[in-house]
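Here the structure comes first, spelled out in structure tokens, and everything after it is commentary.
Quick look at the structure:
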């Protein structure tokens, strides 16, 4: 009996010990999770507080009490190493850079967000997905965007009114009794105020076009969406600067000293001639960016926009270093992003395979490193030097990040000269005819330069249980990636919220239907219909009835496999790549700027008593560029060495995976097996969005429905209008339609 009792006690003791360890592990995990949540909350609170205080300071700066405090703060550092330039830089640019640093920490500790189902599954409004204005100069505007537009509008009206009152109050100080002279002084003061308000807008102008900016990643606004904010700010900024110059020109012309003032270049004070050059460059960019000009001649718009270098350099010479430092943060972040993109685009990337579909579409499969991060709604800029050394074109990624570790795919619609050349090069490749339908000779390759991938920081398509994907033509490409992503996640039991997916696709001709076969739904996840309710409605608008050969698998015009990669895949310098390295790059570049400016002050400006404003302005912007190239370049070198070291042991696996991919590509696009989803094709009609949305509203009830559209502007407008109509006329038991567009109106 004693032995039996003893034998019973041992497992009991062991079990207790194991339980204690399990409890300790769970407790430790919970504590870590709570600590991370608390840290994220503190960081988010700090970033919001800094931004609100900074924005409030800019807004209320016209008020005398705020302006007096600002003046005291500026001159508090007068006579120190950095002088008043350091104070102004810290006041205006410092908050943005501090927020960027905190954003790096926030994104770094956030990692991959865990997708969690809502506890309350009833529908809820979201400002950033609720379309309010559909047609107008701003295009489709959501409630959140409308609030931003109104805030900027209120600021402009308030600042102009406040500064006008202040200008009138300053007139007695000029001791001018003649009414005409008083009006001239008022003209110049008004021009000065317009210039300062334009300068405040310039603070924000470059932030949306820093494609891989940590600030855009923080608020999860992809570059293609942020571009429209740059357009709006660009129109506003150039209008203010144009008024700034016009008021001065009128005053100088009346006084008869127009030429003298326009060519003036002071050693101390504002230099007019650099300002004239900067304004002319800005006006050229502005005029050629107007929609009629951009639509008629996009290349004129694109190449003229490179005058931003002239605009910025001569603007710095116009106002000097301390005034230029007001807008320095946004320009500095853009310079860092531009240098990263330049480095990334120098590397050529292997194209693993290329296919020409009969619908006038080209599929490219591109080599990528295993660790490259992007979402299913990602996109890339592509340049193929055999076709053009200058042209870069944006394309959606049509493959899910879960499709393969070492490749990504894009679908390209043949619409212009560049795409025609691409199709011609692929179709004309000689090779043996047969199952492979055109195998390239081993010594022939096709390479590309890549920028990206860009896109949303988080996979927002996975946060809706109900999805409606509306595509026009090649706009189906990103939705193929979404569909593949969902199927992969269901198969691998990864977090994935979508339970109902409706794809509405409008095409012109039936030969485009083969695009759907690029995702072998049944092979990816044979029993997905147990979890996912998938329905596809296809509309062939220019054919009244199905063709005679309907159901046959269309053959490729050409299908080419390229040799296995030798130079490796695309690098992850920009886009949604490594936040750790990109954060180090930004922090080290910023420290480098402070160091270079300090060294310049210690060894040159202060000892030699350099006071020339324009000269100091060009020295300041030179320090900005040098800090990015020298200090940031050092981090890039380390980044490259690290990537090379970590990927060295994976080359064999990568080559095997890519070899399998190249062989399997020719067996793709087979006749689909029995479809486990509903697919209807209607000829000679367009999708009736009102009827479709109404049907889904009746079927799904009081839920959130994520609506994503990719296609022509008219299609986006129609979808947004239907979302707004349904939301405004919604009853309690009906869904809310959340509008999301995916387009490249650059």
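Residue numbers (the working numbering): 262 to 1007. Cβ coordinates follow ideal geometry from the N, Cα and C atoms, glycine included.
The beta carbon of residue 609 sits closer than 8 Å to the beta carbons of 646, 708, 709, 710, 828 from its chain, once the five residues preceding and following it are set aside; these are given in chain order. Burial state of residue 442 is exposed, judged by a 10 Å Cβ sphere holding fewer than 16 other Cβ atoms. The DSSP assignment places complete beta strand (DSSP E) segments of no fewer than 3 residues inside the segment 730-778 at 761-768, in order along the chain. Taking C-beta atoms as the reference points, residue 614 and residue 601 fail to come closer than 9 Å.
Residue 807 counts as exposed, since fewer than 16 other C-beta atoms from the protein chains shown sit within 10 angstroms of its C-beta. A distance below 6 Å between beta-carbons, with the five flanking residues on each side excluded, links residue 938 to the following residues of its chain, in chain order: 795.
Cβ-Cβ separation between residue 679 and residue 658: approximately 19 Å, too far for a contact (criterion under 8 Å). Counting along the chain, no beta strand (DSSP E) covers residue 364; the unbroken alpha helix (DSSP H) around it starts and ends at 355-371. Minimum Cα-Cα distance from residue 987 among the listed residues 299, 861, 386, 358 corresponds to 386. For residue 336, the closest C-alpha among the options 348, 342, 765 is that of 348. Excluding its 5 nearest sequence neighbours in each direction, residue 585 has C-beta neighbours in its own chain below 8 Å: 576, 577, 878, 881, 882, listed in chain order. In the structure shown, the three-state DSSP call for residue 635 is coil. Assignment of residue 609 by DSSP, reduced to helix, strand and coil, places it in the strand class. Closest in C-alpha terms to residue 342, from the list 868, 941, 904, 975, comes 868. The continuous alpha helix (DSSP H) containing residue 421 extends over residues 404-431. Spanning the alpha carbons of residue 430 and residue 325 requires a straight line of approximately 12 Å. With respect to the 9 Å criterion, residue 466 and residue 495 are classified as neighbours on the basis of their beta carbons.
Within the segment 933-983, the complete alpha helix (DSSP H) segments of 4 residues or longer fall at 950-961, listed in chain order.
Approximately 6 Å separates the beta-carbon atoms of residue 588 and residue 460; this is inside 8 Å, confirming the contact.
Within the segment 461-500, the runs of alpha helix (DSSP H) at least 4 residues long that lie entirely inside it are, in chain order, 475-480.
The C-beta separation of residue 416 from residue 454 comes to about 13 Å, leaving the pair out of contact by the 8 Å criterion. Using a 10 angstroms sphere on the CB of residue 664, the tally of other CB atoms reaches 16 or more, which defines it as buried. The alpha-carbon of residue 598 is positioned some 33 Å away from that of residue 529. Sorting 593, 552, 724, 740 by C-alpha distance to the C-alpha of residue 638 places 740 at the top.
In the displayed model, residue 872 falls within coil according to three-state DSSP, outside both helix and strand.
Rounded to the nearest whole angstrom, the C-alpha separation of residue 965 and residue 731 is 16 Å. Under DSSP, no beta-bridge partner is assigned to residue 322. Remark: C-beta atoms of residue 747 and residue 722 approach each other more closely than 9 Å. Between residue 768 and residue 903, the alpha-carbon positions lie close to 46 Å from each other. The closest CA to that of residue 370, considering only 479, 312, 619, 318, is found on 479. The secondary-structure analysis by DSSP pairs residue 558 with nothing; it has no beta-bridge partner. Residue burial annotation: residue 863 is exposed, with fewer than 16 other C-beta atoms found within 10 angstroms of its C-beta.
Burial check for residue 946: the Cβ neighbour count within 10 Å stays below 16, so the residue is exposed. Straight-line spacing of the CA atoms in residue 720 and residue 633 works out to 15 Å. Counting along the chain, residue 858 sits inside the alpha helix (DSSP H) bounded by residues 840-861.
According to the DSSP secondary-structure assignment, residue 628 is paired through a beta bridge with 668.
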